[in-house]
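The opening residue of the sequence shown carries number 1 in the UniProt record's numbering; numbering runs sequentially from there. For glycine and all other residues, C-beta sits at the position ideal for the given N, C-alpha and C.
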Amino acid sequence: MDTNKDNKKNVAGHIAIIMDGNRRWARERNLSTLEGHLKGYNKMKSVPEWFFSRGVEIISLFAFSTENWNRGRDEVNYLMKLLRRALKDDFEEYNQREYRLIVSGRIDELPGDLPEVCADAMIKTKDNSKGTLNICLNYGGRAEIIDAIRKMIKNKIEIEQVHEGMLRKYLYHGDLPDPDMIVRTSGEYRLSGFQLWQSAYSELMFLKKYWPEFEKADVDIILEEYANRKRRFGGDEKS
């Protein structure tokens, strides 16, 4: 019997996280919503290294949804400033660690110079190979599928050419593998449209703690949980 094979852990290659609960965390501490988002932002900066150091290759973070524009103007403007900071001011740290930065979403609709900031970060880190950080910004799962279909129509794809592989090609970053596990913080039990196409066979995990409370130890809990799951992708259980 190959004991090394039996003891080898099944490491997730792609973890996606819905970073939820910044506002509730702040309210419960009599803090402002903006303070909650700042706390969540500071947490977000640490997370990629926590996962990459444990063998995960891709981290997708749901940073701002297409529905989040419905929040108050001050809150939205503050979130845009934080996201710009992540992609511009914190960019050099990611680059020095050799992380590849990509942004998924309707980037062209972002305010100010954010579209250019996103493009610049992606270009400058495209050859980095020590982990991919996918920031989902102005992102919605339905919007992604609609945008893919629009691109296919624009490129005059024939009906006979339409299949899963073709549609994947037109997603925001179709080269990324589907998430092995999607994690949501804050105790909510839904995906809210996150990775709608890609999540078909993703393992799901829901944590009760708010995003600002996320800790390094939670990474081990997530990866241990994933390693113990049996993924069959609709087939028969393997012995």
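Where are the beta strand (DSSP E) runs, 3 residues long or more, that stay fully inside the region 144 to 215, in chain order? 181 to 184 and 203 to 206, all fully within the region 144 to 215.
Return the first residue and the last residue of the alpha helix (DSSP H) that A63 is part of. Counted as a single uninterrupted DSSP element, the stretch harbouring A63 is not any alpha helix (DSSP H) but the beta strand (DSSP E) occupying residues I58 to S65.
Smallest Cα separation from I107: which of S192, F91 and Y172? Comparing Cα-Cα distances from I107 to each of S192, F91 and Y172, the minimum goes to Y172.
Beta-bridge pairing of R71 - partner residues as DSSP gives them: According to DSSP, which records beta bridges pairwise, R71 is partnered with nothing at all.
How many angstroms separate the CA atom of E160 from the CA atom of W197? Rounded to the nearest whole angstrom, the C-alpha separation of E160 and W197 is 21 Å.
Which residues DSSP lists as bridging S104, in chain order: Bridge partners of S104: C136.
Classify I222 as buried or exposed, calling it buried when 16 or more other Cβ atoms lie within 10 Å of its own Cβ. In the assembly as shown, I222 is a buried residue. Its beta-carbon has 16 or more other beta-carbons within 10 Å.
Since T132 and R168 should fall inside the 8 Å C-beta cutoff, what is the C-beta to C-beta distance between them, to a whole number of angstroms? Incorrect: roughly 17 Å between the Cβ atoms, too far for contact.
Does A227 come out as helix, strand or coil in the three-state DSSP assignment? Helix.
Can you give the Cα-Cα distance for S65 and Y139, rounded to whole angstroms? For the pair S65 and Y139, the Cα-to-Cα distance works out to about 5 Å.
E224 to R54 span [Cα, whole Å]: E224 and R54: Cα-Cα distance of roughly 11 Å.
Can you name the residues that DSSP bridges to I17? According to DSSP, I17 bridges with L61 and V183.
V162 CB to nearest heavy atom of the ligand FMN below 7 Å: Here there are no bound small molecules, and the ligand FMN is not part of this structure.
With a Cβ-Cβ cutoff of 8 Å, do P212 and H14 count as a contact? Contact: no.
Would I102 and M122 be called neighbours here (beta carbons separated by less than 8 Å)? Their beta carbons are under 8 Å apart, which means I102 touches M122 by this criterion.
On the DSSP letters alone, give me the boundaries of the alpha helix (DSSP H) that A121 sits inside. Residues L114 to T125.
Taking K126 as the reference, which of P115, E98, A148 and L83 has the closest Cα? For K126, the closest of P115, E98, A148 and L83 by C-alpha to C-alpha distance is E98.
Suppose contacts are defined by Cβ-Cβ distances below 8 Å. Is P179 in contact with S199 by that definition? Contact: yes.
May I ask which residues mark the beginning and end of the alpha helix (DSSP H) holding N95? If you look at N95, you'll find it in the alpha helix (DSSP H) that goes F91 to Q96.
Sub-8 Å separation of F62 and I17 beta-carbons: Yes.
Compare the Cα-Cα distances from M181 to each of M205, G21, E215 and I146 and report the closest residue. Taking only the C-alpha atoms, the option nearest M181 is M205.
Mapping DSSP to helix, strand and coil, what is E28? E28 falls in the coil class under three-state DSSP.
Quick check on the burial criterion: 16 or more other C-beta atoms within 10 angstroms. Buried or exposed for E144? Counting C-beta atoms within 10 angstroms of its own C-beta, E144 has 16 or more neighbours from the protein chains shown and is therefore classed as buried.
Distance between K216 and V47 (C-alpha atoms, nearest Å): Here the alpha carbons of K216 and V47 stand approximately 8 Å from one another.
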